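Numbering (this note's numbering), first residue to last: -1 to 464.
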Ligand SMILES: [Zn+2]
C-alpha cells in the first residue's frame, strides 16, 4: 500500500515537473515572437493568381510571396460570403450567421462568447490592429474582439489608402510587444474599380476571346431583395455603360486583383524579416460559372469556396513548397497559434474544429476525412478529402453529388449501386456532423435600422437593390 502511495506522489510530482518544463520551453519558443501580418483579399479566386497557374500577370507581388512561402493549393472557405466565412476563419471553428437579410441589420454577427484569433494573440502578448473598409466588419459587429486598434472604415477608398494607413501605423508604433495586424482589402469585390493602368493590361488581350459572350443587363424589377439574383445577368453594381461582354468584366476583376496586388507589394516591401505573413481570402467569386455572374453569396461551388492560402514563415514553413492536401479556412487560426506557441496549442487543440497545418507541410498524412461548408441554414456541404467528392443538401431537400473536379454533372440521382452507397455514406456523415455544428455565431442579435450612408454603400457593393 505504502509503495502504491509513493508511486502516486511521484507520478503527480513528475506531472507538475513536465508542465513546468513545457511552460519554460513554451516561453523560450515565444521569444522573440514574430510579428504577424494576416492579409485577406475579398472575393479573391486563387485560379486568377499567377502562383496558382493563371496566365494573366495579375499578381507579381503575391507570386513573389508564394515563392518565399508555402502555397496551399486546395484551401476551402466554410461559407460563400464574408459573413458566412469570417466567423469560422477567425475562431478556427465552424460558426455561421443565420440569414443574409438579418446580417444587414444586426449589430452582433460574432458573439463575444467565441474567442477570436486577436483575443488569443493578445493573451500571448501581442499588440493587435486591423485595417480595412468592409462595411460588414465594423467594430460593433463583433469582429473587433481582441483588437487594440480597429480601423475598419467604409469611407476608406481602396487598397492604396488602406496600405498607407498600415504603413503609417507601423512607422509610428513604439511599443515593445510583437504586432498582429489583420488587413482586409476589398478591391476585388464588386463593383471592381481598378486603376486604368491595370485595366489596360487585360482589357484587349485574347485570353477569353474564344469563350467570350454577350450578357444582358439584369432587369430593373427583381422580386428578391437578396443579392444572389444575377443569374445569367450583369448585376447593376458591376455594369459599365455599353459594356456587355463577359470578357470585359473578367478583365475588370483581374485588373482589380492587379490593383490590390500592387499595394500588397508596397506593404510587403516595408515588412521586417521576422514576420509571419499569411495571405488568404474570405471566399472566391463566380465569373459566369454555373450561370452566376460577378457575385458569390449562396453559391457553394468551388469557384466561390476555393480560396488562396499562402504562408510565409522563415522558421517552420519551407520556401517555395506547394501543398496539395485539402485544407479549410478553419485551419488558419490553429496553424498560427501552433506556430506562435506550440505547447499552448497542444493543450488547447479541442477549442478548434480546424487543425494546425504544420504536419501536412511536413508531408505527414492527416487523419481528417471530411471538410464542411454551409450557408445560413440553406445549404450544407460535406467534402470527402480522399476521394475528392462533394455532397450538398439544401433546405428544400435538393441534393447534389459531384465527383470533383467536375462540378456540372450532378450524380445525386444516379442509381448505380456504388454511387448510391457513396451518397448515403456522405449523407450519414453530414447528418452526424450537423448534430453538433455549425454553431450560431450571432447568439444575441440586436437588430437595428441601417443609416442612409451604409445603405448607399451596400447598394454600390450590390448587397441592396433599393
Ligand atoms: Zn467577402
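By construction, the Cβ of each residue, glycine as well, lies at the ideal position given by its N, Cα and C atoms. Note that this is a predicted model, so its numbers are computed, not measured.
With a cut-off of 8 Å on Cβ pairs, the stretch 340 to 350 is not in contact with the stretch 308 to 316, counting fewer than three such pairs. Ligand 1 has a heavy atom closer than 7 Å to the beta-carbon of residue 80. Taking 8 Å as the upper bound for CB-CB distance, residue 398 and residue 410 are in contact here, some 5 Å apart. For residue 407, the distance from the CB to the nearest heavy atom of ligand 1 is not below 7 Å.
Contact between residue 213 and residue 231 is confirmed by a C-beta separation of about 7 Å, below the 8 Å threshold.
Around residue 200, the same chain offers 54, 249, 252, 253 as residues with beta carbons nearer than 7 Å, after the five sequence neighbours per side are excluded.
Using a cutoff of 7 Å, the CB of residue 281 counts as near ligand 1, since one of the ligand's heavy atoms is closer than that. Look at residue 403 here: in three-state DSSP terms it is coil, with no helix or strand label. If you keep only unbroken beta strand (DSSP E) runs of at least 3 residues inside the stretch 369 to 400, you get 377 to 382, 387 to 392. Note that the C-beta distance between residue 34 and residue 274 is below 8 Å. Around the CB of residue 143, 16 or more other CB atoms lie within 10 Å, so the residue is classed as buried. Contact annotation: residue 293 and residue 77 have beta-carbon atoms that are not nearer than 8 Å. Under DSSP, no beta-bridge partner is assigned to residue 59. The beta carbon of residue 90 sits closer than 6 Å to the beta carbons of 328, 331, 332, 350, 352 from its chain, once the five residues preceding and following it are set aside; these are given in chain order.
Remark: C-beta atoms of residue 376 and residue 393 approach each other more closely than 8 Å. Counting along the chain, residue 323 sits inside the beta strand (DSSP E) bounded by residues 319 to 326. DSSP, read as helix, strand or coil, puts residue 299 in coil. Taking a cut-off of 8 Å on C-beta distances, the stretch 149 to 163 does not touch the stretch 202 to 212, as fewer than three cross pairs fall below it. If you draw a 10 Å sphere on the C-beta of residue 426, you find fewer than 16 other C-beta atoms in it, and that means exposed. A Cβ-Cβ separation of about 28 Å leaves residue 261 out of contact with residue 326 under the 8 Å criterion. Per DSSP, the beta bridge partners of residue 438 are 94.
The beta carbon of residue 40 sits closer than 7 Å to at least one heavy atom of ligand 1. According to DSSP, residue 310 shares a beta bridge with 275.
Around the beta-carbon of residue 208, fewer than 16 other beta-carbon atoms lie within 10 Å, marking it exposed.
In this structure, the C-beta of residue 187 approaches ligand 1 to less than 7 Å from one of its heavy atoms. Contact between the stretch 128 to 144 and the stretch 44 to 62 is absent: fewer than 3 CB-CB pairs across the two stretches fall below 8 Å. Counted as a single uninterrupted DSSP element, the beta strand (DSSP E) harbouring residue 130 occupies residues 125 to 130.
Assignment of residue 414 by DSSP, reduced to helix, strand and coil, places it in the coil class. Around the C-beta of residue 75, 16 or more other C-beta atoms lie within 10 Å, and the residue is accordingly described as buried.
Linking residue 116 to residue 81 through their CA atoms gives a straight-line distance of about 17 Å. Between residue 216 and residue 192, the C-beta gap is not smaller than 8 Å, which leaves the two residues out of contact. If you ignore the 5 residues before and after residue 383, its C-beta comes within less than 7 Å of the C-beta of 324, 366, 367, 368, 369, all in its own chain and listed in chain order. 316 is the residue among 287, 180, 3, 316 whose C-alpha sits nearest the C-alpha of residue 66. As computed with DSSP, residue 39 is found in a beta bridge with 183.
If you draw a 10 Å sphere on the C-beta of residue 402, you find fewer than 16 other C-beta atoms in it, and that means exposed.
The C-beta distance from residue 280 to residue 38 rounds to 6 Å, short enough to meet the 8 Å contact threshold.
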